[in-house]
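Asker: Start counting the sequence shown at -6; every next residue gets the next number (this note's numbering). Cβ atoms here follow ideal geometry from the backbone N, Cα and C, with glycine treated the same way.
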Amino acid sequence: MDTRPAGQEYIATLDLLRLAAALAVVLFHYFFRGAAAEGVLAVGYPDAAPFAIYGYLGVNLFFLISGFVIAWSAESRSWHQFAIARFVRLFPGFLFCMTITFIVVASVGAPLFATSLRQYAANLSMFAPALGQPFMDGVYWSIVLELVFYGWVTLALLTGVFQKRKLGLIFIWLAISALNEFFVGSHAARLLFITEFGSFFAAGVLVHHLHAHGRSWPALLLLGAAFLLSCGTLSVTQHWMLNEYGLAVSQRPLWAANVVMHGALIGAVLLRNHVRPSALTMALGGLTYPLYLLHQNIGYLVIDAAAPLVGKWLAAFGCIAVLLAASWAVWRYWERPAQRLLKTWLGHAVETVLARYRTAPGRTQPAE
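This is how it looks when you write it as structure tokens:
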């Protein structure tokens, strides 16, 4: 989720919000989930758990931010430019971090975790469960939903619907989401149309629409509908947590947290001129993706190994500090160079294919 679409201003506050979302997820995994039902951490953090339990909502906040940024990016690109930009944004970092996780788990993961070359190969597709293998790290499920969202936006750009019928498309999406989540309950539809989290993506798109095109009643009403729908679909994860852990955030605090998340996105956009873009804000935003991909399984192994030596609190916060530094290094020395090379190569390759298609025999050329 890039906050620097080509040719447009850079909103530093969005990168800071992304960092907050990533850290919330990290705290959830280390201070709540690790010692909960999975029991992957030998030590627990009962003093922090009542607060850390809210951290899973960082993923919902990511989806809100993604909706805004993807709408922002899509308005300045053709469908193939958008598709290339999104693939280039996700895949190099995913490849590197997934490979590091594989090496660490294969080397020192037993008995907590196990992996195989078959699992690694399946994860190269980013859709490992479709190939009969588990994700290399459990957080990858949200990357799949991002990819599905990108796919729909690419299709909407290709057909011209995004440019001409964006609000109508969002209305249909919200209607499908509500119908599936409250009445049908199809797991296939939940994946294909992202019905559980679609309202968060849609709200982000609508905030961008209002930011870029001014206030209008249709957009405001749709934003209100998306927010109300998101309040309802939060219960899906709530019920899952009750089944998995025996406890979950209750309804009213969930709704309050949802207000905070939506308000945080709107606030980040409104306050964009109050935080000057800098190398620091770019780095803080850039490291969030590697941090998200690396932190869970590797973090559990590090904390379990370090806690008997330095104590559980120093082990956890030391692990976070090390992963922040490592994530910055991944962004600085791998992601950015790899993205530049891959974007150039793919751009030339796609343009060559499209040029051949346009000049193929039997195809008429548009009048100049």
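#1: Cα separation between Asn236 and Phe128?
#2: With a 10 Å radius around its C-beta and 16 neighbouring C-beta atoms as the bar for buried, classify Glu174 as buried or exposed.
#3: Roughly how many angstroms separate the alpha carbons of Ala219 and Ile63, rounded to a whole number?
#4: Pull up the distance between the alpha-carbon of Arg349 and that of Arg325, whole angstroms please.
#5: Find the nearest neighbour of Leu240 within the set Phe25, Gly102 and Ser223, judged by alpha-carbon distance.
#6: Straight-line CA distance for Leu347 to Val81?
#7: Mapping the DSSP letters down to three states, classify Gly304 as helix, strand or coil.
#8: Roughly how many angstroms lie between the CA atoms of Leu138 and Thr337, to the nearest whole one?
#9: Taking 8 Å as the threshold, find out whether the stretch 293 to 313 comes into contact with the stretch 263 to 272 through three or more Cβ pairs.
#10: Restricting to Cα atoms, I'd like to know which of Ala76, Gly256 and Ala205 is closest to Gly217.
#11: With 16 as the cutoff for other CB atoms within 10 Å, does Thr6 come out buried or exposed?
#12: Ala103 to Ser209, Cα distance in whole Å?
#13: Can you say whether Gly144 is buried or exposed, counting buried as having 16 or more other CB atoms within 10 angstroms of its CB?
#14: Exposed or buried, which one is Asn266 when buried takes at least 16 other CB atoms within 10 Å?
#15: Let me know if Thr281 comes out buried or exposed under the rule of 16 or more other beta-carbons within 10 Å of its beta-carbon.
#16: Would you say Leu167 and Leu222 are within 8 Å of each other, going by their C-beta atoms?
#17: Taking only three categories from DSSP, how would you classify Arg70?
#18: What is the DSSP secondary structure of Thr152, reduced to helix, strand or coil?
#19: Please determine, among Arg329, His73, Asp297 and Ile169, the residue with the shortest C-alpha to C-alpha distance to Gly279.
#20: Can Ile169 and Ala195 be called in contact, C-beta distance under 8 Å?
#21: May I have a chain-ordered list of the alpha helix (DSSP H) segments no shorter than 4 residues that lie completely inside the stretch 228 to 266?
#22: Quick check on this structure: which residue in Ala28, His341 and Ala35 has the alpha carbon closest to the alpha carbon of Ala41?
#23: How is Pro39 classed by DSSP in three states: helix, strand or coil?
#24: Under 8 Å Cβ to Cβ from Ala276, same chain only, skipping five residues before and after it: list those, please.
Answerer: On the basis of the coordinates in this document:
#1: In the sequence shown, residue 236 corresponds to position 243, counting from 1. In the sequence shown, residue 128 corresponds to position 135, counting from 1. Straight-line Cα distance between these residues: approximately 21 Å.
#2: Against the sequence shown, residue 174 aligns to sequence position 181. Glu174 is buried by the Cβ-count criterion.
#3: Sequence index remark: in the sequence shown, residue 219 carries index 226 (1-based). Sequence index remark: in the sequence shown, residue 63 carries index 70 (1-based). Taking the straight line joining both Cα atoms gives about 17 Å.
#4: For the purposes of this step, residue 349 is taken as residue 356 along the sequence shown, with counting starting at 1. For the purposes of this step, residue 325 is taken as residue 332 along the sequence shown, with counting starting at 1. C-alpha separation (whole angstroms): 36 Å.
#5: Within the sequence shown, residue 240 is the residue found at index 247, counting from 1. It is Phe25.
#6: For the purposes of this step, residue 347 is taken as the residue at position 354 of the sequence shown. For the purposes of this step, residue 81 is taken as the residue at position 88 of the sequence shown. Leu347 and Val81: Cα-Cα distance of roughly 19 Å.
#7: Here residue 304 refers to the residue found at position 311 when the sequence shown is read from its first residue. The answer is coil: DSSP assigns Gly304 none of H, G, I, E or B.
#8: In the sequence shown, counting from the first residue as 1, residue 138 sits at position 145. In the sequence shown, counting from the first residue as 1, residue 337 sits at position 344. Straight-line Cα distance between these residues: approximately 26 Å.
#9: no
#10: In the sequence shown, counting from the first residue as 1, residue 217 sits at position 224. Of the candidates Ala76, Gly256 and Ala205, the one whose C-alpha sits nearest the C-alpha of Gly217 is Gly256.
#11: As a working note, residue 6 is residue 13 in the sequence shown. Answer is buried; the Cβ neighbour count reaches 16.
#12: Here residue 103 is taken as the residue at index 110 of the sequence shown, counted from 1. Here residue 209 is taken as the residue at index 216 of the sequence shown, counted from 1. Those two C-alpha atoms are separated by around 56 Å.
#13: Here residue 144 is taken as the residue at index 151 of the sequence shown, counted from 1. That one is exposed.
#14: On the sequence shown, residue 266 is found 273 positions in, with the first residue counted as 1. Result: exposed.
#15: Position 288 of the sequence shown holds residue 281. By the 10 Å Cβ count, Thr281 comes out buried.
#16: Start at 1 with the first residue of the sequence shown, and residue 167 comes out as number 174. Start at 1 with the first residue of the sequence shown, and residue 222 comes out as number 229. Going by beta carbons, Leu167 and Leu222 fall inside the 8 Å limit.
#17: As a working mapping, residue 70 is identified with position 77 in the sequence shown. Correct three-state label for Arg70: coil.
#18: Start at 1 with the first residue of the sequence shown, and residue 152 comes out as number 159. Per DSSP, reduced to three states, the secondary structure at Thr152 is helical.
#19: Working through the sequence shown from its first residue, we reach residue 279 at position 286. Out of Arg329, His73, Asp297 and Ile169, Arg329 has the C-alpha closest to the C-alpha of Gly279.
#20: Residue mapping note: residue 169 aligns to position 176 of the sequence shown, counting from 1. Residue mapping note: residue 195 aligns to position 202 of the sequence shown, counting from 1. No, they are not a contact pair.
#21: Here the runs fully enclosed are 244 to 263.
#22: In the sequence shown, counting from the first residue as 1, residue 41 sits at position 48. Of Ala28, His341 and Ala35, the residue nearest in Cα terms is Ala28.
#23: For this step, residue 39 is matched to residue 46 along the sequence shown. In this structure, Pro39 counts as coil in the three-state DSSP scheme.
#24: Counting from 1 along the sequence shown, the entry for residue 276 is found at position 283. For Ala276, where only same-chain residues beyond five positions count, the Cβ hits under 8 Å are Trp321, Trp324 and Arg325.
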